[in-house]
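*Asks:* Every number in this note's numbering is 70 more than the matching position in the sequence shown, counting from 1.
Idealized CB from N, CA, C, for every residue including glycine.
My questions will all concern the structure given below.
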Amino acid sequence: MVQDLWAFVLKTSDLRTPVKLVGPDGVGKKLAARKIHASGTIAGARLRFLDGENLNLDTILDASEGHDFLNRSGTVYIGRAECLSSKFIAALSKKMKSEPLQLPRFIFGFRSISVGDIGRSLENMNKMETFVLTPVSERKEDISPIARYRIWTLSLKEDFAQRWEEFERTVLPELLTRQWGGNVEELLGVVSRYCELSASEHGTRLVGEINSSVSSHWLKEQIEKMHEKLLQRWEHEDSMVEPVLSSRYGGAR
């Protein structure tokens, strides 16, 4: 399923149409949402995770946290979307029709395929791309690529080959042969703990540990400076566009 999911991520990353991810808790819906967001948005765009129960549109449109443009250009993942109220869906539908450019991209996470009236209302509201994620226990062929990817993200380039070879030889066979009852989050946890033990045993470092280094602080400062310049440029472009629009529509009256 990993290959199919990756193709789906690439397909939907450049689209602004809503996405529906279906599957029980822990199968990787949030992880898929992160990949869709990272693959198809501008640098600095905001990704928010919200719960569908008692959600109102004002929460999504709130621009108090972060730059408004980055919020609009970002992604909102709504978990437990089956709990959304009809009032919220009606308000969102109205906003999508009247001011679509003021809204972020939406990814809805459902825990079951049978989503009832809420799911049908969302699908009728706008064209929606759908992907169903099954539990890891039903797709053991995905355990190896998921584990390999996790080790790759945590390891320095020079440590990856040896760490993966040891994992493939000592840990992976047990994960593939025993009755695996966990899901993606638990699998990632198992792999992360292995990487920590491996790094400690061999005296190496994990990628996350480098965040405390001087070079990392320097890089973080450079990224923040670039981000500030980007925001300033957008604000300047917005200020240039508004007078043009004002004169254009003012002259048409």
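(1) Over what stretch of residues does the alpha helix (DSSP H) that includes Glu228 continue unbroken?
(2) Along the chain, where does the beta strand (DSSP E) that runs through Val72 open and close?
(3) For a minimum of 4 consecutive residues, which ranges assigned as the alpha helix (DSSP H) are wholly contained in the stretch 146-229?
(4) Which word fits Lys90, buried or exposed, when buried means at least 16 other C-beta atoms lie within 10 angstroms of its C-beta?
(5) From which residue to which residue does the beta strand (DSSP E) around Val89 run?
(6) Would Ser268 be called buried (16 or more neighbouring beta carbons within 10 Å of its own) or exposed?
(7) Gly110 and Leu154 look like a contact to me (Cβ under 8 angstroms); what is the Cβ gap, rounded to whole Å?
(8) What are the boundary residues of the beta strand (DSSP E) that includes Asp128?
(9) Using only the alpha-carbon positions, how far apart do Leu162 and Trp234 sit?
(10) Compare the C-alpha of Leu120 against each of Ser191, Lys210 and Ala151 and name the closest.
(11) Please classify Arg86: does DSSP put it in a helix, a strand, or coil?
(12) For Asp138, which of helix, strand or coil comes out of DSSP?
(13) Return the first residue and the last residue of the beta strand (DSSP E) that Arg118 is part of.
(14) Just mark Asn141 as buried or exposed, buried being the case when its beta carbon has 16 or more other beta carbons within 10 Å.
(15) Could you tell me whether the stretch 156-172 touches the stretch 92-102, where touching means 3 or more Cβ pairs closer than 8 angstroms?
(16) Apart from the five residues just before and just after His287, which ones in its own chain have a Cβ nearer than 6 angstroms to its Cβ?
(17) Do Leu203 and Ala102 have their C-beta atoms within less than 8 angstroms of each other?
(18) Lys157: which of Met71, Asn126, Gly273 and Ser270 sits nearest, CA to CA?
(19) Is the distance from the Cβ of Arg181 to the Cβ of Thr145 below 8 angstroms?
(20) Take Lys81 and list the residues in its own chain whose beta-carbon comes closer than 6 angstroms to its own, dropping the five residues that flank it on each side.
(21) Which value, in whole angstroms, describes the spacing of the CA atoms of Ser270 and Asn124?
(22) Going straight from the alpha carbon of Phe230 to that of Glu244, what length do you get?
*Replies:* Here's the rundown:
(1) Here the alpha helix (DSSP H) through Glu228 covers Lys227 to Thr240.
(2) For Val72, there is no enclosing beta strand (DSSP E); the enclosing alpha helix (DSSP H) covers residues Val72 to Ser83.
(3) Fully enclosed alpha helix (DSSP H) runs of 4 or longer: 156-168, 186-195 and 213-224.
(4) In this structure Lys90 is buried. Its beta-carbon is surrounded by 16 or more other beta-carbon atoms within 10 angstroms.
(5) Note, Val89: beta strand (DSSP E), Val89 to Val92.
(6) In this structure Ser268 is buried. Its beta-carbon is surrounded by 16 or more other beta-carbon atoms within 10 angstroms.
(7) At roughly 24 angstroms, the Cβ-Cβ gap does not stay under 8 angstroms, so Gly110 and Leu154 are not in contact.
(8) For Asp128, there is no enclosing beta strand (DSSP E); the enclosing alpha helix (DSSP H) covers residues Leu127 to Leu131.
(9) Cα to Cα, Leu162 sits roughly 46 angstroms from Trp234.
(10) Closest in C-alpha terms to Leu120, from the list Ser191, Lys210 and Ala151, comes Ala151.
(11) Of the three classes helix, strand and coil, the one that applies to Arg86 here is coil, per DSSP.
(12) Here DSSP, grouped into helix, strand and coil, assigns Asp138 to helix.
(13) Taken as a continuous stretch (DSSP letters only), the beta strand (DSSP E) holding Arg118 covers Leu117 to Asp121.
(14) Label assigned to Asn141: buried.
(15) No, because fewer than three Cβ pairs between the stretch 156-172 and the stretch 92-102 fall closer than 8 angstroms, the two stretches do not touch.
(16) Legend: pLDDT at His287 = 46, less than 50; position of this residue unreliable, value from coordinates given subsequently. Taken in chain order, the list of residues that qualify is empty.
(17) The answer is yes: Cβ separation under 8 angstroms.
(18) Of all alpha-carbon atoms in Met71, Asn126, Gly273 and Ser270, the one lying nearest the alpha-carbon of Lys157 is that of Asn126.
(19) No, these two residues do not count as a Cβ contact at 8 angstroms.
(20) Excluding residues within five positions, none has a Cβ falling inside 6 angstroms.
(21) Each residue's Cα considered, the two are about 45 angstroms apart.
(22) If I take the Cα positions, the gap works out to 21 angstroms.
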